[in-house]
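**Student:**
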Amino acid sequence: MASSYAFPFPLSNGLHARPASQLQEVASRFRCDVTLVVGLDEAGGAVPAGETLRNDRLAAGSAGHIGRSGNVKSVLALISMDVQQGEPCVLRASGTDEAAAIEALGLFIRESLARTENAAEAQPTPQSTPALPRSLTASGLSQFFRGRVISGGIGRGWVVVAQGGRPDISPEGRRAESPDEEIRRLESAISRLRSAMTEQSEAATRSPEREILKAHVAILQDIEFREKAMSGIAAGESAIMAVVEASEHFALLLGAARSGYLRERAQDIRDVCGQLLESLGERKAPNTHCLDRPTIYVAESLAPSELLKLSREHLKGLVLRDGGSTSHTVILARSMGIPTLVAVDEAPQGFKNGQEALVDGETGIVIPSISEAIRRYYELETEKIDRLRRAIAAKRFEKAVTRDGCRIEVGCNVSSAEEVSVGIAAGAEGIGLFRTEMLFVARSAPPSEAEQLAVYKKAVVDGVGHSVILRLIDIGGDKPAPYLGLAPEENPFLGYRGVRIYAEHKALLMTQIRAVLRAGGATRPQVNGNGDSVGGIRLLVPMIGCVEELRAVRAMVTEAKADLEKQDIRCLEPPIGVMIEVPSAVMMIRELAQEADFFSIGSNDLTQYCMAADRGNERVAGLCTWSQPAFLRMLKAAVDGARAPGVPRRWIGLCGEMVDSAEALPLLVGLGLDEISVSIPRIAAVKAAVAAMKQSDCATLAAKVMACSTQAEVAALLAAPRVAEVSLPILSDDLIILDSDARSKEEAIKVLCDALAVGGWANNSALVEEAIWRREDTYSTGFGHGFAVPHCKSEHMRSHAIAVARLGTPVQWGSTDGEPVDIVILLAIRSDTQERAHMKVFSQLSRLTMREEFRRQFRAEKKPEALRAFLENSLSLGMAAVTTNPEISE
Amino acid sequence: MKIVAVTACPTGIAHTYMAAEQLEKVAKTLGHHIKVETQGAMGIENELKPSEIKDADFVIFAVDIAVEQEERFAGKRVIRVGVQEALKNPKDVFAHFK
Chain P
1 MASSYAFPFP LSNGLHARPA SQLQEVASRF RCDVTLVVGL DEAGGAVPAG
51 ETLRNDRLAA GSAGHIGRSG NVKSVLALIS MDVQQGEPCV LRASGTDEAA
101 AIEALGLFIR ESLARTENAA EAQPTPQSTP ALPRSLTASG LSQFFRGRVI
151 SGGIGRGWVV VAQGGRPDIS PEGRRAESPD EEIRRLESAI SRLRSAMTEQ
201 SEAATRSPER EILKAHVAIL QDIEFREKAM SGIAAGESAI MAVVEASEHF
251 ALLLGAARSG YLRERAQDIR DVCGQLLESL GERKAPNTHC LDRPTIYVAE
301 SLAPSELLKL SREHLKGLVL RDGGSTSHTV ILARSMGIPT LVAVDEAPQG
351 FKNGQEALVD GETGIVIPSI SEAIRRYYEL ETEKIDRLRR AIAAKRFEKA
401 VTRDGCRIEV GCNVSSAEEV SVGIAAGAEG IGLFRTEMLF VARSAPPSEA
451 EQLAVYKKAV VDGVGHSVIL RLIDIGGDKP APYLGLAPEE NPFLGYRGVR
501 IYAEHKALLM TQIRAVLRAG GATRPQVNGN GDSVGGIRLL VPMIGCVEEL
551 RAVRAMVTEA KADLEKQDIR CLEPPIGVMI EVPSAVMMIR ELAQEADFFS
601 IGSNDLTQYC MAADRGNERV AGLCTWSQPA FLRMLKAAVD GARAPGVPRR
651 WIGLCGEMVD SAEALPLLVG LGLDEISVSI PRIAAVKAAV AAMKQSDCAT
701 LAAKVMACST QAEVAALLAA PRVAEVSLPI LSDDLIILDS DARSKEEAIK
751 VLCDALAVGG WANNSALVEE AIWRREDTYS TGFGHGFAVP HCKSEHMRSH
801 AIAVARLGTP VQWGSTDGEP VDIVILLAIR SDTQERAHMK VFSQLSRLTM
851 REEFRRQFRA EKKPEALRAF LENSLSLGMA AVTTNPEISE
Chain R
1001 MKIVAVTACP TGIAHTYMAA EQLEKVAKTL GHHIKVETQG AMGIENELKP
1051 SEIKDADFVI FAVDIAVEQE ERFAGKRVIR VGVQEALKNP KDVFAHFK
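Keeping their order, the protein sequence lines are chains P and R. Per our numbering, residue 1 is the first one in the first sequence, and the count goes up by one each step. Per our numbering, residue 1001 is the first one in the second sequence, and the count goes up by one each step.
1) Please classify residue 1033(R) as buried or exposed, where buried requires at least 16 other C-beta atoms within 10 Å of its C-beta.
2) Going by beta-carbon coordinates alone, are residue 582(P) and residue 545(P) separated by less than 8 Å?
3) What is the residue span of the alpha helix (DSSP H) that residue 484(P) lies within?
4) Which chain P residues sit within Cβ distance under 7 Å of residue 1022(R)?
5) Check each candidate in 611(P), 709(P) and 35(P) and name the one with the smallest Cα separation from residue 494(P).
6) Which of the residues in the segment 788-813 of chain P, read from start to end, lie with their CB under 8 Å from any CB of chain R?
7) Exposed or buried, residue 85(P), counting other C-beta atoms within 10 Å across all chains shown (16 or more means buried)?
8) Quick one: is residue 290(P) buried, meaning 16 or more other Cβ sit within 10 Å of its Cβ, or exposed?
9) Could you tell me whether the Cβ atoms of residue 142(P) and residue 377(P) are closer together than 8 Å?
10) Listing by chain order, which chain P residues have their CB less than 7 Å from the CB of residue 1030(R)?
11) Terminal residues of the continuous beta strand (DSSP E) containing residue 761(P)?
12) Looking only at C-alpha atoms, which of 468(P), 732(P) and 33(P) sits nearest to residue 574(P)?
13) Under 8 Å, Cβ to Cβ, is there at least one residue of chain R near residue 847(P)?
14) If we call anything under 8 Å between Cβ atoms a contact, is residue 1003(R) one with residue 1019(R)?
15) Buried or exposed for residue 491(P), going by 16 or more other Cβ atoms inside 10 Å?
16) I need the boundaries of the alpha helix (DSSP H) containing residue 412(P), first residue and last residue.
17) How would you list, in chain order, the residues of chain P whose beta-carbon sits under 9 Å from the beta-carbon of residue 1039(R)?
18) Which residues of chain P have a Cβ atom closer than 8 Å to the Cβ of residue 1007(R), listed in chain order?
19) Hey, residue 276(P) and residue 213(P): beta-carbon distance below 8 Å or not?
20) Quick check on the DSSP output: what are the complete beta strand (DSSP E) runs of length 3 or more inside the segment 817-859 of chain P, in order along the chain?
21) Whose C-alpha, out of 235(P), 169(P) and 274(P), is nearest the C-alpha of residue 190(P)?
22) Alpha carbons only, please: which of 560(P), 650(P) and 555(P) is nearest the one belonging to residue 599(P)?
23) Determine the burial state of residue 796(P): buried for a count of at least 16 other Cβ atoms within 10 Å of its Cβ, exposed for fewer.
24) Exposed or buried, residue 1001(R), counting other C-beta atoms within 10 Å across all chains shown (16 or more means buried)?
25) Would residue 1069(R) count as contacting chain P if we go by Cβ distances under 8 Å?
26) Do you know offhand how far residue 603(P)'s Cα is from residue 159(P)'s?
27) Using CA atoms only, rank isn't needed, just tell me which of 831(P), 434(P) and 847(P) is closest to residue 825(P).
28) Roughly how many angstroms separate the alpha carbons of residue 1089(R) and residue 1005(R), rounded to a whole number?
29) In the DSSP assignment, find the unbroken alpha helix (DSSP H) run with residue 604(P) in it and report its ends.
30) Taking one C-beta from the segment 165-184 of chain P and one from the segment 369-388 of chain P each time, how about it: are there three or more such pairs within less than 8 Å?
31) Since residue 791(P) sits in a beta bridge, which residues does DSSP pair it with?
32) Does the segment 411-428 of chain P come within contact of the segment 457-466 of chain P, defined as at least 3 CB pairs closer than 8 Å?
33) Could you tell me the distance, in whole angstroms, from the CA atom of residue 844(P) to the CA atom of residue 876(P)?
34) Is there contact between the segment 762-769 of chain P and the segment 688-703 of chain P, where contact requires at least three CB pairs shorter than 8 Å?
35) Going by other Cβ atoms of all chains shown within 10 Å of its Cβ, with 16 needed for buried, is residue 471(P) buried or exposed?
36) Would you say residue 830(P) reaches chain R, if we count a Cβ-Cβ gap shorter than 8 Å as a contact?
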């Protein structure tokens, strides 16, 4: 009698690759046969074990998922069973050690299986479906598909649908030698690939990556996969063709699965088999296409290597059914700035090759076939986005100063000398963090002093007078450099890394420090009004947890300097800073300030150490975020400690992912940091955002946030901070469009709202547009005489505005007199203000529109400046008075 | 005739004031004396004094929303129209009092 164990399947994503490979791992420890039977009949009796209906049923996509079984020692058999959450399952073992096997499997299912569910997978990503702009729906938009935005912007091009399916195999690859020879080739290819993958998996620093690689290894070793391939070879196929057949067989099975997650795993099989083909000497046959015109590329899924092979010049948009938000393909697409949507259920079957399609990465839709009216809408939309980007970029060299005069430097993070000039050209005021360890990893020997000197010198020279903060090598169990011989650790983040390895690897450090000192000697530092040295190199020490560690590094620097001087080599001792990323350093910051020249807070590590939550572990990702109140208090404690009376004033910067978050920015300004170091693409936007804030408001907000009990409270406070203010005139030539070719009411409203956004009056033109339309829905604002006064009060307005359009061709507005409109005066008001002085302008203007003489003169003005002057005079206001300036008006 | 009026529109940005202007303009041409209180985004402006209400022959409400402190007008002859009506056919509004 076989032993058995019954359970309902616990995982919400079904039995997918990762739990399947773990189940297989447990079963494989035993000699007995283990079968999983899924689907019991009403009477509770299991269908006979060994039934092999499952594959046929699945392949046929039939509804008959009752009573299927599979070999637990085969990951593919398990995955192919398409087991869903809650389905009744029975494990049956038969053989000498069946009782022990069932006990172990039962224990695994009870204790571990449920925990294999990755937090990120378990949570379905909320799919918000924002309303489409009225101007778009009015353009006759009938067919469109929604997706999740990965990368914004508008992309238009001709559809190319990825050809999935069978790879193209060369004739040599098809030719089979003797079955024995082909089996030998297959075996050795599998074993080569297995050891490569295992090595890769052990080197992987992030746990998801490690788990996925392990699952791939399991696919490679899978019994059923092997049998399928071997049977192909036995039938006279080459090893290569047998792998292709097996790959397609299992990929099709998974592709037919009910769970979207399982369907995604077909990609894993194809991926593993692709690598196996490479290992067999066949080149992969990826989804490559030679793009020769603007293209919207549509695929079920896309491997990163396939994305890289598509022409950057012609790839205008990417539409994927699968892809998640963290896959490498998606990260790559984002970094390339390609408008990208994922989770588009209609991809690829809703698309045809050669259609002209459009990806709207702003609203999250893709339009498979576009009409003239839609094209026109998107021409306006693209122009708006371009102008917005240009407006931000134009101010990238301005200093970031808050409205109340508080200055914060905006630097950038780099990992190579080549990025320094890119960052400076993007507006960086310095290199806030140069991660030097990238020079040290992925090579067999450390870089020489000369090699490092060349890199650091280039960084300083390209930094043209801006300071460059070089972080000493931050390496350890998590970022292995084989030549250091560091043993893998149970707990690398709490282990032997950063400054902690310096004593043992002194020669390595001395080489780096000498290179830094020599690079400093080759360039000239400057001193600013405060006596701080600016420009040139600064040295940052990672992972400092106590004063002794800083002293040890300073001693090494002193020693290196003495050596160099003895050798008569020009050098300069740089300021030495402490990276504040370990809570103990926060506790000791007063003492550290006595001996360090500056501080740089590393928010990523400080968060994980503060919360005791591994950065790479998605199951604790909710804890490891900067919006945890405990972390924010720690941040404040660091700044307060360093700014306490009697403590020498040291420059404090901050780098880490939180600076790239728009919500965190007011807090960082409020805390009174000297610098923030951001990713290069964010520099200009961060500077513009700082300029709109008031430090005092930010400080008040920071104080409120520090009093929060929960992350949700922090998030709520930061969601509507209202610290950004702009001081813009109500009237401006930029808001007067006298030659508009808008062809409809919708277009006219859109054009004016876009102008509000481009000029900075509105935060979000689509939402202001929507507010205008909600008002328009009560009754038309066309009041006759060819005039209309659309208006709204909106929280998405940053400053009151009057925007005017004169239309070349009058458009229907639903006016009271039934006549079309050619003069549109749009009134948009910030909703969060009660101040009256400027509201008066709107009521005055509204009254004026009732006067015939006003309307006549309004029409008579032919130039924006003249019309603005006419309006200013009519409203008895000079420019100074019509400037929204809350400090004065409130 | 002495007339007092109240205007109020949904957003209180434009039509409240457009209607006030329109009523004032037309009253003048018709030879009436009028005072219009606006209840807009800035709150009540040009507020009607109790004596003015008391002395008025008629009250016009050109409103799309409820009138604030409507109790002030208890016992008066009130004509209530929509804001759009006051904008479009102001003379008709006054014609109600004949």
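Glycine included, C-beta positions come from ideal geometry on N, C-alpha and C. All of these numbers come straight from a predicted model, not from anything done at the bench.
**Tutor:** This is what the structure gives:
1) Here residue 1033(R) is exposed, its C-beta having fewer than 16 other C-beta atoms within 10 Å.
2) A contact, by the Cβ cut-off of 8 Å.
3) Secondary structure note for residue 484(P): it is in no alpha helix (DSSP H), with a DSSP letter that is neither H nor E.
4) Against chain P, the beta carbon of residue 1022(R) has neighbours under 7 Å at 850, listed in chain order.
5) Ranked by Cα distance from residue 494(P), the options 611(P), 709(P) and 35(P) are led by 611(P).
6) For chain R, the residues of the segment 788-813 of chain P that bring a beta carbon within less than 8 Å of one of its beta carbons are 789, 791, 792 and 793, in chain order.
7) Counting the other CB atoms within 10 Å of its CB gives residue 85(P) a total below 16, which places it among the exposed residues.
8) Classified as exposed, residue 290(P) has fewer than 16 neighbouring CB atoms from the shown chains inside 10 Å of its CB.
9) No.
10) Result: empty, since nearest Cβ-Cβ is about 16 Å, beyond 7 Å.
11) Looking at the DSSP string, residue 761(P) is not in any beta strand (DSSP E), and its letter there is neither H nor E.
12) The candidate whose alpha carbon is nearest that of residue 574(P) is 468(P).
13) Yes, its Cβ sits closer than 8 Å to a Cβ of chain R.
14) For residue 1003(R) and residue 1019(R), no; Cβs fall outside 8 Å.
15) A residue is called buried when at least 16 other Cβ atoms come within 10 angstroms of its Cβ; residue 491(P) does not meet this threshold and is exposed.
16) Not the alpha helix (DSSP H): residue 412(P) falls in the beta strand (DSSP E), residues 409-414.
17) Contact note: residue 1039(R) does not reach chain P at a C-beta cutoff of 9 Å; the least C-beta distance is about 12 Å.
18) One finds nothing in chain P with a Cβ atom closer than 8 Å to the Cβ of residue 1007(R); even the nearest lies about 11 Å away.
19) No.
20) Fully enclosed beta strand (DSSP E) runs of no fewer than 3 residues occupy 821-830 of the segment 817-859 of chain P, in order along the chain.
21) Among 235(P), 169(P) and 274(P), the Cα nearest to that of residue 190(P) is on 274(P).
22) Taking only the C-alpha atoms, the option nearest residue 599(P) is 650(P).
23) Within 10 angstroms of the beta-carbon of residue 796(P) lie 16 or more other beta-carbons, which makes it buried.
24) By the neighbour-count rule (16 or more Cβ atoms within 10 Å), residue 1001(R) is not buried but exposed.
25) No, residue 1069(R) does not count as interfacial toward chain P.
26) Going from the Cα of residue 603(P) to the Cα of residue 159(P) covers about 42 Å.
27) By alpha-carbon distance to residue 825(P), the top candidate from 831(P), 434(P) and 847(P) is 847(P).
28) About 16 Å.
29) 603-611 is the extent of the alpha helix (DSSP H) around residue 604(P).
30) No contact exists between the segment 165-184 of chain P and the segment 369-388 of chain P.
31) Answer is 827(P), bridged to residue 791(P).
32) Output reads yes: the segment 457-466 of chain P touches the segment 411-428 of chain P.
33) Answer to the nearest angstrom: the Cα atoms are 10 Å apart.
34) With the cut-off at 8 Å, the segment 762-769 of chain P and the segment 688-703 of chain P do not touch.
35) Result: buried.
36) Chain R contact via Cβ: absent.
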